Amino acid sequence: MKIDIIISANDIKKEKIENKTVIVIDMLRATSVIVTAMNNGCVGVIPVLTVEDASEIVENSKEEFMLGGERNALKIEGFHYSNSPLEYTRKSIEGKTLVMTTTNGTKAIKGCIGANNILIGSMLNAKAIASRIVSLNKDVVIVNAGTYGEFSIDDFLCSGYIIDNILKLAQADLSDIAVTSNYIYKNNEDILNFIKYANHYKTIMKLGLSADLEYCCQKDIIDIVPEYKDGVIL
Ligand code: 3SL
Ligand code: MG
Numbered sequence: 000m001k002i003d004i005i006i007s008a009n010d011i012k013k014e015k016i017e018n019k020t021v022i023v024i025d026m027l028r029a030t031s032v033i034v035t036a037m038n039n040g041c042v043g044v045i046p047v048l049t050v051e052d053a054s055e056i057v058e059n060s061k062e063e064f065m066l067g068g069e070r071n072a073l074k075i076e077g078f079h080y081s082n083s084p085l086e087y088t089r090k091s092i093e094g095k096t097l098v099m100t101t102t103n104g105t106k107a108i109k110g111c112i113g114a115n116n117i118l119i120g121s122m123l124n125a126k127a128i129a130s131r132i133v134s135l136n137k138d139v140v141i142v143n144a145g146t147y148g149e150f151s152i153d154d155f156l157c158s159g160y161i162i163d164n165i166l167k168l169a170q171a172d173l174s175d176i177a178v179t180s181n182y183i184y185k186n187n188e189d190i191l192n193f194i195k196y197a198n199h200y201k202t203i204m205k206l207g208l209s210a211d212l213e214y215c216c217q218k219d220i221i222d223i224v225p226e227y228k229d230g231v232i233l
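Here you go:
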């Protein structure tokens, strides 16, 4: 099994993900939200690119949807929830379908259409992701959402942790960038302490959302692997 990394949603290339298992990571905060919502009984998450796309789905369906996501890290006007994983409690999301749009995370997920399997990863479910990867036994590309098309320390460190878990279960042939992310994780196992250097960490901190940062940095508190298929994450 080969493991490679793509560093941002803007860098996804069709030929790099075709026939591969893809893990999409936006640990701050979109994929942490999805993993949390699904673990708390959310029926499914429909990722969309724009606020208009989200409104269109809601207007053209009889089904009741919850709307979640962010622009500039803040709740979107008229939406039920922001992009804080702490809002997606069992009480708020159980039995509901979530339509979600975020700046980088949902763009990365939709950009991976064409891959064999599209798994939703985060620190929260890293061990579960590793087990799934080993059982699928296909070449893997870890797609970091990044931040506004740029490399983001947080997603890269999370990739290194997931790789670490895969290597505990199976042998893998790592690309140079995959080796580097694993090396950086190995030397910085305290995630919160290292991602403080990330620009997006500073943005979230400035908004007073330190509880989100602490939550998203926890390792393996959730044992599920959401997967995106045919327009919905289940
Ligand atoms: O860009 C995204 O998808 C978001 O996760 C960013 S934020 O953490 O909600 O600002
Ligand atoms: Mg992010």
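Here the sequence shown stands for residues 0 to 233, where the numbers follow numbering that gives the first Met the number 0.
From the three backbone atoms N, C-alpha and C, an ideal C-beta is built for every residue, glycine too.
Because the structure is a prediction, the values reported are computed rather than measured.
A straight line joining the alpha-carbon of Met65 with that of Ile232 spans about 14 angstroms. At least one heavy atom of ligand 1 lies closer than 7 angstroms to the C-beta of Gly104.
Going by C-alpha positions, Asn198 is about 8 angstroms away from Ser151. Under a 10 Å Cβ-count criterion, Asp175 is classified as exposed, with fewer than 16 other Cβ atoms of the shown protein chains found around its own Cβ. When rounded, the separation of the alpha-carbon atoms in Glu188 and Asp163 is 11 angstroms. By DSSP's assignment, Gly120 forms a beta bridge with Ile24. The alpha carbon of Val47 has as its nearest neighbour, out of Ile128, Lys106, Ala144 and Met204, the alpha carbon of Lys106. Residue range Ile190 to Ile194 is occupied by the alpha helix (DSSP H) that includes Phe193. The region 58 to 76 and the region 113 to 123 do not touch, with fewer than three beta-carbon pairs separated by less than 8 angstroms. Annotation for Leu123 indicates a beta carbon at 7 angstroms or more from all heavy atoms of ligand 1. Counting C-beta pairs with one atom in each stretch, the region 88 to 108 and the region 21 to 38 have three or more that are closer than 8 angstroms, which means they touch. When the alpha-carbon of Lys185 is set against those of Lys195, Ala210 and Leu156, the nearest one is in Leu156. Exclusion of the five residues before and after Arg89 leaves Asn39 and Gly40 as the residues of its chain whose Cβ lies within less than 8 angstroms of its Cβ.
Residue Ser7 holds the alpha-carbon nearest to the alpha-carbon of Gly110 among Lys167, Ile2, Lys1 and Ser7.
If you draw a 10 Å sphere on the C-beta of Glu69, you find 16 or more other C-beta atoms in it, and that means buried.
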